[in-house]
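Asker:
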Amino acid sequence: MSILIADGLTQWFGHEVALESVDLTVDTGEHMAVLGENGSGKTTLLRILSTAARPTSGRLEIMGLDATRERRRLRHRIGYVAHAPGLYPALSATENLDFFCTLQGIGREQVADTLAFCGLSEMADRPAGQLSRGMQQRLAIARAVLHDPKLLVLDEPDASLGSDGADLLAAVMHKRTVILATHDHALANKLCQRTLVLKRGRSVGTATRLHIVK
Amino acid sequence: MTNSVSVALAVARKDLRSEWRTREIVPALAQFVVLALVIANFGFQIDARNAPAIAPGVLWLALVFAGLVAFGRAFAAEREQSSLEAMLMTPASPVAIFAGKAMAAAILLVGCEVVLLPALTLFFGTPLSLPIVAAVLLATIGMAALGCLFAAMVARVRARELLLPLLTLPLWIPFIVVGGQAVQVAMGAGGSYDQALALLIDFDILFVVLASLASRFVLDE
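Here it is, written out as structure tokens:
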């Protein structure tokens, strides 16, 4: 059963087209990688699929809802890790997650467990601004899964995660539908069943595992 | 759906906690208003007769520029650290998020007023009374609502430092005129203080409601 259906997604920024007529279907529980060079439209596509941005044209249906109109209803079911971690540097890791628990309308019971799951227990009381880039990325991932979303949209989450980053991503992606943008073809092959390749804002096709043409 | 009141309070608490730990805004604003008063003190020939006429103008000038900095930083910091999008990606109402940001910015400005009002008394010899404090606090509420709305609007623009005063100052004029009048009356000039205060309350209600309604469209990209 499809959890996400995108039809003709197009995004213009002024006179520049960032994304052109992208069609996409993602099944429940599927892990899909989005590959492409810098400027190919990966971030634009992921921002639209996570409901962070509205497409200029095209239709997007997520979990049976019109994603451009029902964004707030969908947001407690979607977790999004953006390019930048988007944390509050003066607040500790725990305080960052506590704050987002309030915004998500959920209890704070799972904060400690989520920090432990992401390997941040020892850093729980340290201000986010004093964490390394990799640790900040882990905290951003912890925030994205705090409310146990069904759909996870990850924009290059592996960028600064370190050697055991793939294991964390595999654990986070387990039993969830995931759309993952990355430059790392090996990681895409390891974690995802299917790959969408973008070039200059256009889809140049999808491929199943081990059939990605560089 | 998340509770809007708890979201607004959480956003305000988060901003105030960050400010308490970094001390980025309030100390700088306090220094700024004291310097503005020192300059005004030397710039005008202040004596007991003209102080009540000049002091309200200096007070509102210092307050307006301090407010522009305080409200501008409220959303600029969120944009710089890319955290605004993370907040908006939650089911929390954009209006509640805006209300929390405006509340925190208003409290920071009140922190600056705690320095400004006694300093005004010190430099200009004008009285520091409850009616003056009430007028300034009431004006702060409406100014915070409008200031934060425009700060949110221009936060994603490169020339935001220039645009924010251009958009905000014209709409702050009612607060400056009526607030100035209330402070002048409280300092001994003729006129009706109650009428000025009632007008300030009317402006507060009007602009808080308008800013809250507009914030939904400004924040929800």
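Residue numbers (the working numbering), protein chains in the order written: chain B, 1 to 214; chain F, 1 to 221. Ideal placement from N, C-alpha and C gives every residue a C-beta, glycine not left out. Predicted model, so just to flag it, every value in this text is computed and none were measured.
#1: Name the residue from Val209/F, Gln181/F, Met187/F whose alpha carbon lies nearest to the alpha carbon of Ala196/F.
#2: Can you pull the chain B residues whose beta carbon is under 7 Å from the beta carbon of Met87/F, in chain order?
#3: In terms of residue numbering, what span does the alpha helix (DSSP H) encompassing Asp167/B cover?
#4: Terminal residues of the continuous beta strand (DSSP E) containing Arg59/B?
#5: Evaluate the contact criterion for the region 154 to 168 of chain B versus the region 121 to 136 of chain B: three or more CB pairs, one atom per stretch, below 8 Å.
#6: Quickly, what does DSSP pair Gly79/B with across the bridge? List them, please.
#7: Let me confirm a value: Val153/B is counted as buried when at least 16 other C-beta atoms fall within 10 Å, else exposed. Which label applies?
#8: Residues of the region 70 to 89 of chain B in Cβ contact with chain F at a cutoff of 9 Å, in chain order, please.
#9: Could you check whether Gly205/B and Thr41/B sit closer than 8 Å to each other, using their CB atoms as the reference points?
#10: Nearest-angstrom Cα distance between Thr56/B and Gly8/B?
#11: Taking the alpha helix (DSSP H) that Gln110/B falls in, what are its first and last residues?
#12: If you reduce the DSSP assignment to three classes, tell me which class Glu20/B lands in.
#13: Classify Val115/F as helix, strand or coil using the three-state DSSP reduction.
#14: What is the DSSP secondary structure of Arg223/F, counted as helix, strand or coil?
#15: Secondary structure at Leu131/B, three-state DSSP: helix, strand or coil?
#16: Suppose you measure from the CA of Thr25/B to the CA of Glu113/F; what does that come to, to the nearest Å?
Answerer: Well, looking at it:
#1: Translated into positions along the second sequence, residue 196/F becomes position 196. The residue with the shortest Cα to Cα distance from Ala196/F is Gln181/F.
#2: As a first step, residue 87/F must be located in the second sequence, where it is residue number 87. Chain B residues near Met87/F: Leu103.
#3: Locating residue 167/B in the first sequence gives position 167, where the first residue counts as 1. Per DSSP, Asp167/B belongs to the alpha helix (DSSP H) from 165 to 173.
#4: As a first step, residue 59/B is located in the first sequence; it is residue number 59 there, counting from the start. That run of the beta strand (DSSP E) goes 57 to 62.
#5: yes
#6: Looking up residue 79/B in the first sequence gives position 79. According to DSSP, which records beta bridges pairwise, Gly79/B is partnered with Leu152/B.
#7: If you number the first sequence from 1, residue 153/B lands on position 153. Under this definition Val153/B is a buried residue.
#8: Arg71, Arg72, Arg73, Leu74, Arg75, His76, Ile78, Gly79, Tyr80, Ala82, His83, Ala84, Pro85, Gly86, Leu87, Tyr88, Pro89
#9: As a first step, residue 41/B is located in the first sequence; it is residue number 41 there, counting from the start. As a first step, residue 205/B is located in the first sequence; it is residue number 205 there, counting from the start. Per the sequence presented here, residue 41/B reads as Gly, with Thr not at that position. No, Cβ-Cβ distance for Gly41/B and Gly205/B is not below 8 Å.
#10: Looking up residue 56/B in the first sequence gives position 56. Looking up residue 8/B in the first sequence gives position 8. Distance between the alpha carbons of Thr56/B and Gly8/B: 10 Å.
#11: In the first sequence, residue 110/B corresponds to position 110, counting from 1. Unbroken run through Gln110/B: none, as it is neither H nor E.
#12: Numbered from 1 along the first sequence, position 20 holds the residue referred to as residue 20/B. Strand.
#13: Position 115 of the second sequence, counting from 1, holds the residue named residue 115/F. Looking at Val115/F - three-state DSSP - the assignment turns out to be helix.
#14: The structure shown does not extend to residue 223/F, since chain F is modelled only from 1 through 221, so no value can be given for it.
#15: Sequence index remark: in the first sequence, residue 131/B carries index 131 (1-based). Leu131/B: coil per DSSP, three-state reduction.
#16: For this step, residue 25/B is matched to residue 25 along the first sequence. For this step, residue 113/F is matched to residue 113 along the second sequence. Straight-line Cα distance between these residues: approximately 56 Å.
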